[in-house]
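To start, the structure under review is shown below, and the notes come after it.
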Amino acid sequence: MRNFLIRGVAAGAIALLSLTACSQRSEEGTTSAGTTEAAKGFPADSLIGVALPAKTSENWVLAGDLFTDGLKEAGFQSDVQYAGSSTTVADQQSQIQAMVTKGAKVIVIGATDAAQLSTQVEAAKAAGASVIAYDRLIKNTQGVDFYVAYDNFKVGQLQGQALLDGMKAKKPEGPYTIELFSGSSDDNNSAVFFDGAMSVLKPQIDNGTLVVGSGQTDIKQTAIDAWKPENAQRRMDSLLTSTYTSKTLDGVLSPNDTLARAILTSIKGAGKPLPIVTGQDSEVESIKSIMAGEQYSTINKDTRNLVKQTIQMVKDLQAGKQPEINDTKSYDNGVKVVPSYLLEPQIVTKDNAAEAYANDPNLAPLTK
Amino acid sequence: MSRVKELQKSLFGGTTSNARQFGMIFTLVAIVLLFEILTNGLTLNPGNLISLVSQYSYILILAIGMLMVIVAGHIDLSVGSIAAFVGIVVAKVMQDYSLPWFVAILVGLAVGALIGAWQGFWVAYVGVPAFIVTLAGMMLFRGGNQFIGNANTIPVPEGFRVIGAGFLPEIGPDTGYNNPTLLLGLVACVAIVIREWRGRRTRREMGADVAPMWISVIRVAVPLVVVVFATLQFAGGRVGTSFPVSGIILAVLVVIYSFITRNTAGGRHIYAVGGNARAAELSGVKLKRVNFMVMMNMSILAALAGMIFVARSAASGPQDGIGWELDAIAAVFIGGAAVSGGLGTISGSIVGGLVMAVLNNGLQLLGVGSDRVQIIKGLVLLLAVAFDVYNKKQGRFSVIESLMRPFRRDTPAPASPAEAEQERGKSPVAG
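Sequences listed follow chains L and C, in order. With UniProt numbering, the residue at position 11 of the first sequence is 11, and numbering never jumps. With UniProt numbering, the residue at position 425 of the second sequence is 425, and numbering never jumps.
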């Protein structure tokens, strides 16, 4: 029996050693990759991975469709993935990893949690892929090459201004009572929107023109977890009960359309007069709501342009060119300043809706 | 006895090899091969295997604890929330008090143990059903996570990331492979051979039938081939990668817990409690203590899983842990545990978890969206359990039924020819 043991061990050892000779280990990516690597370009029919968050807003669904079509048109193979609705972060992590395994040359990431992807982004980098952060800046990693987004601070400013304008149009004299809402705190953009809006609203709060009824002005108090409408509705419900049983609410700063509609639903449910509510994303339901005079404003960040710009970047990378960027200092992800291309957002109210969506086949008919 | 019968006997009726594992391992191999073909060889490529292990090790760690909980006749719904809670606590203590990462890990495990003691107390000593206690825990610790973290994502230092995203160092001569991984593979090979050899020795000493040598050779050769192949794949990834550290943690836990559940009195007590709590208590099993330990152990493992995930994600976020309990429970049931408790093995659960992992990974490699992946996973869970139940009713070979065998005898002996007949379904009374 001892013989048997020895033979077994020996066989295993020989098998291991004999195969060591024919290693297939690649050194790819150990030489620091980055833009220099990208400058070489890659085959025009390469795989491009696109990892998007869960389908919680129309915008992501539209972006996914546009990427699928746009990349196909440009001659690439595409793999467009959405994270699952419950286990979003883990899903996105494994999707990105799968794209790396499949040998994607560029991975476009709309992050679910921008700070929890560094392992995967670095793996992509090590495998020689370029990483473009789409709409949300990926944090705490050297691995991000580019960032494409609308200028989100500007979005916040426009929202703040629209809130002021809307309330003035309705009631010329202050003081106005308002409530503030902000996005999910795991989304890097939430604070940027909020800061942008507060840059307009804060002076007015300080001089007494604006009064935040509940006193909740800290972003931790105003944040809506996971951008979920039910969370916004719940918060608005409690605000109405706690603060607005006798007071009138003039305006609500809402960071996006989904939340704006949830806020309006809550106010309608309580049978209160509708305040001025801002929004963002130009969602179909919100355009209808704006045309019906309920939601006051939204932001037109045409997803088409954003996707077009991103695909342009992919094409440039493919050709071995340096993609166009217009901001090299604003977006610091914690370990590096990420070269960015920022697009200009546009505020839309009932007045300019027809003009703003004239080129949009889905939205144009709604504004007539 | 014909060779076929001998083989069947030693595979399905023998002492060391577990028939239930065998059925699932077969399924796993089938799924791996299916995806290997569908993805043109990407599934077994080194990079993918490495990421597969590091992606699912935390779920598999949860499955170990969950198996013991389910065997004892309970359920734990709070593991995801506990993992998230411990994750944020650990991230926070490292950020605010700049604790070294290894101290932070100990803090995390201690928090896990405390939470476990809390839940164990309610389950074992107050007698609240584990479903309720852990449902409460699910809300409690999810809230705790948001309370401490303010729903923020908190990054963790580089050193801490080793347990989730770390690899073995590149040391020794340039063999073209990662040397420590090769070493691990060699250790595994030796362990397989020694195990078979000791099994034969024990049987001979006890005067039992010893399986013919050629069967032992097969039983050693097949795993050896798998281990050698896996070792070369894991060691042959991109330079700087190896078998993941989280995978090693998982492997160590599997070995330890398999030993505990199979070979120690405490481990067997869990099965006794799950099989028939009253009878177990009358036979002298300390019911409360078993329940307490099982719940506490689960929370400690959940704490570990949470930390591994945070380390891999490089940050603790507000959405950590959501839905993990379901993945762990699914793994355990696919791995053949009984809903009523008393049945199931660690290795079965690991294989069950791997089936889900490979399925998930393979579908993602094929570019199937997460919506359809969830549908498919749901169906697989249902079918895996339904198939087993159906086979059992038909009196055919049932993986769950074959598991019962060790409980029917004091000293498991090889199946008699009559029993072997039954197992092949000749006699409808079986099962």
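Ideal Cβ positions, reconstructed from N, Cα and C, are used throughout, including at glycine. Bear in mind that the values here come from a model prediction, so they are computed numbers and not experimental data.
Interface flag, residue i vs chain C, CB-CB below 7 Å
i: Asp65 (chain L); result: no
i: Arg136 (chain L); result: no
i: Asp91 (chain L); result: yes
i: Asn256 (chain L); result: no
i: Arg25 (chain L); result: yes
i: Ala97 (chain L); result: According to the sequence shown, residue 97 (chain L) is Gln rather than Ala. Chain C, which has a Cβ nearer than 7 Å to the Cβ of Gln97 (chain L), makes this yes.
i: Ser86 (chain L); result: yes
i: Lys220 (chain L); result: yes
i: Ser238 (chain L); result: no
i: Tyr82 (chain L); result: yes
i: Asn140 (chain L); result: yes
i: Ser185 (chain L); result: yes
i: Thr119 (chain L); result: yes
i: Thr115 (chain L); result: Per the sequence shown, the amino acid found at residue 115 (chain L) is Ala instead of Thr. Output row for Ala115 (chain L): interface = yes.
i: Ser57 (chain L); result: no
i: Asp79 (chain L); result: yes
i: Thr101 (chain L); result: yes
i: Asn352 (chain L); result: no
i: Ser182 (chain L); result: no
i: Ser94 (chain L); result: yes
Those residues which DSSP pairs with residue i across a bridge
i: Thr217 (chain L); result: For Thr217 (chain L), which the question treats as bridged, DSSP gives no partner whatsoever.
i: Asp332 (chain L); result: L:Val337
i: Gly251 (chain L); result: L:Ile178, L:Ile276
i: Ala279 (chain C); result: Note: Ala279 (chain C) sits in no beta bridge, so no partner.
i: Phe167 (chain C); result: C:Pro244
i: Val80 (chain L); result: L:Val50
i: Ala305 (chain C); result: Answer is none; Ala305 (chain C) lacks a bridge partner.
i: Thr209 (chain L); result: None; Thr209 (chain L) has no bridge partner.
i: Thr349 (chain L); result: L:Ser297
i: Tyr134 (chain L); result: L:Val148
i: Ile154 (chain C); result: C:Ser316
Beta carbon proximity, residue i to chain L, threshold 7 Å
i: Leu365 (chain C); result: yes
i: Asn152 (chain C); result: yes
i: Pro157 (chain C); result: no
i: Asn40 (chain C); result: no
i: Gly323 (chain C); result: yes
i: Ser349 (chain C); result: no
i: Arg268 (chain C); result: no
i: Ser370 (chain C); result: yes
i: Pro318 (chain C); result: yes
i: Ala191 (chain C); result: no
i: Gly176 (chain C); result: yes
i: Val239 (chain C); result: yes
i: Arg289 (chain C); result: no
Whole-angstrom C-beta distance between residue j and residue i, which should lie under 8 Å
i: Ala262 (chain L); j: Ala232 (chain L); result: 4 Å
i: Thr278 (chain L); j: Ala162 (chain L); result: 5 Å
i: Glu294 (chain L); j: Thr258 (chain L); result: No, Glu294 (chain L) and Thr258 (chain L) are not in contact; Cβ-Cβ is about 14 Å, not under 8 Å.
i: Ile248 (chain C); j: Pro223 (chain C); result: Not really, about 18 Å apart at Cβ, beyond 8 Å.
i: Asp79 (chain L); j: Met99 (chain L); result: 6 Å
i: Met298 (chain C); j: Val133 (chain C); result: Going by Cβ atoms, the distance from Met298 (chain C) to Val133 (chain C) rounds to 11 Å, so no, they are not a contact pair.
i: Ala72 (chain C); j: Val220 (chain C); result: Between Val220 (chain C) and Ala72 (chain C) the Cβ distance is about 34 Å, and since that is not below 8 Å, they are no contact.
i: Ala83 (chain C); j: Ala302 (chain C); result: 5 Å
i: Tyr176 (chain L); j: Leu201 (chain L); result: Between Leu201 (chain L) and Tyr176 (chain L) the Cβ distance is about 10 Å, and since that is not below 8 Å, they are no contact.
i: Lys55 (chain L); j: Tyr82 (chain L); result: 5 Å
i: Val121 (chain L); j: Ile132 (chain L); result: Not quite, the Cβ-Cβ distance comes to about 11 Å (not below 8 Å), so this is no contact.
Quiz item: Are the segment 29-45 of chain C and the segment 351-362 of chain C in contact at 8 Å, needing three or more beta carbon pairs?
Solution: yes
Exercise. Flag this pair as touching only if the segment 135-142 of chain C and the segment 184-201 of chain C have three or more C-beta atom pairs under 8 Å; answer yes or no.
Key: no
Practice problem: May I ask you to verify whether the segment 179-197 of chain L touches the segment 217-236 of chain L, counting CB pairs closer than 8 Å and requiring at least 3? | Solution: yes
Quiz item: Does the count of Cβ pairs from the segment 267-286 of chain L and the segment 308-321 of chain L closer than 8 Å reach three?
Solution: no
Quiz item: At a cut of 8 Å, does the segment 310-323 of chain C reach the segment 75-95 of chain L through at least three beta carbon pairs?
Solution: yes
Quiz item: Which ranges does the alpha helix (DSSP H) cover as unbroken runs of at least 4 residues, wholly within the segment 88-149 of chain C, from first to last along the chain?
Solution: 101-120, 130-149
Self-check item: Whole runs of the beta strand (DSSP E) within the segment 233-279 of chain C, excluding any shorter than 3 residues
Solution: none
Quiz item: Going along the chain, which unbroken runs of the alpha helix (DSSP H) with 4 or more residues stay wholly within the segment 325-369 of chain C?
Solution: 346-365
Practice problem: Evaluate the contact criterion for the segment 113-126 of chain L versus the segment 136-151 of chain L: three or more CB pairs, one atom per stretch, below 8 Å. | Solution: yes
Self-check item: Runs of beta strand (DSSP E) wholly within the segment 91-120 of chain L (minimum 3 residues, chain order)
Solution: 106-109
Exercise. May I ask you to verify whether the segment 154-165 of chain C touches the segment 90-98 of chain C, counting CB pairs closer than 8 Å and requiring at least 3?
Key: yes
Quiz item: So, do the segment 337-352 of chain C and the segment 97-115 of chain C have three or more beta carbon pairs nearer to each other than 8 Å?
Solution: no
Exercise. Report yes or no: do three or more beta-carbon pairs, one from the segment 371-378 of chain C and one from the segment 42-58 of chain C, lie closer than 8 Å?
Key: no
Exercise. Take every Cβ of the segment 119-131 of chain L, pair it with every Cβ of the segment 142-150 of chain L, and state whether three or more of those distances are shorter than 8 Å.
Key: yes
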